[in-house]
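Q: Got a structure here, written out as structure tokens. Questions coming.
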Amino acid sequence: MTTMADLEAKTSPGRESTLDLCRGSQPSVAKPASRSVLSLFPLWVSRPLKSPQAWKVLLSSFFALLTSLFLPPYLPVQFTFFLLSTLMLGLLAGWGIGLGAMRAANAVRNQEHIAAVAQQIEASIKVNPVFQANPALAQTAVVFAGLFLDIRATAVYAVILTQFLVHLQICLHLHRPLAPCRFCAQRL
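Next comes the structure, spelled out in structure tokens:
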């Protein structure tokens, strides 16, 4: 025969029955589950964020949208594919050059200066109660104050940008040989 406690336990899982509480048994306290950021979103949002295949689809659709906005398909199909592939190669080459520039700039940064700024951030977190409540705010304040700026990293970016501009100038002179040179009065 089924008792009231059994029915209540079946219909409300995880809750103690009122009969068990009246008998003096201690309710089991459920430990709070560690919540991740993804658990805040609905399942139809959080499930694709965990899937590597969904990330691949997201990246490919992003680049497809980007290319269709830069170059809408109004030309013949073969020419459109040629232009889109050229645009994609240019975007990827620019991305790669940017990654190389960032790696080179990080290689020349002064590590002692970065360590000193990190110690300054830790000291400001200990002193300021606002930063104690939100330590990321301290790092954001230091970044926007410009304390992480390094002249050597800026010089690396300037050299790479100058190389690109010189290369562009040379290409323009090669394609238009009759154009007057900016740096001298004679024609090339």
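So the sequence shown is residues 1 to 188, counted in UniProt numbering. Every residue, glycine too, gets a C-beta built ideally from N, C-alpha and C.
1. What is the residue span of the alpha helix (DSSP H) that residue 47 lies within?
2. Nearest by alpha-carbon distance to residue 152: which of 45, 104 and 119 is it?
3. Going by C-alpha to C-alpha distance, which of 82, 170 and 138 sits closest to residue 117?
4. Let me know the beta strand (DSSP E) ranges lying completely inside the UniProt domain "Putative ER transporter 6TM N-terminal" (60-168), each 3 residues or longer, listed in chain order.
5. Could you say which of 169, 160, 176 and 174 lies nearest to residue 94 if we only look at CA atoms?
6. Just to confirm my understanding: we take residue 128, look at its own chain, exclude 5 residues before and 5 after, and list those with CB closer than 6 Å. What are they?
7. For a test of the three-state rule: what should DSSP assign to residue 36, helix, strand or coil?
8. Going by Cα to Cα distance, which pick from 163, 110 and 134 is closest to residue 149?
9. Classify residue 131 as buried or exposed, calling it buried when 16 or more other Cβ atoms lie within 10 Å of its own Cβ.
10. Excluding the 5 residues flanking residue 46 on each side, which residues of the same chain have their C-beta closer than 6 Å to its C-beta?
11. Mapping DSSP to helix, strand and coil, what is residue 175?
12. So, at 8 Å on beta carbons, what are the nonlocal neighbours of residue 157 in its own chain, with the 5 sequence-adjacent residues on each side left out?
13. Less than 7 Å between C-beta atoms, sequence neighbours within five positions excluded: which residues of the same chain meet that for residue 71?
A: On the basis of the data shown:
1. Element bounds for residue 47: 43-50.
2. 104
3. 138
4. none
5. 160
6. none
7. Three-state result, residue 36: coil.
8. 110
9. buried
10. 38
11. The answer is helix: DSSP assigns residue 175 an H, G or I state.
12. 101 and 105
13. Apart from sequence neighbours up to five positions away, the residues of its chain that approach residue 71 with a beta-carbon distance below 7 Å are 83, 84 and 87, ordered along the chain.
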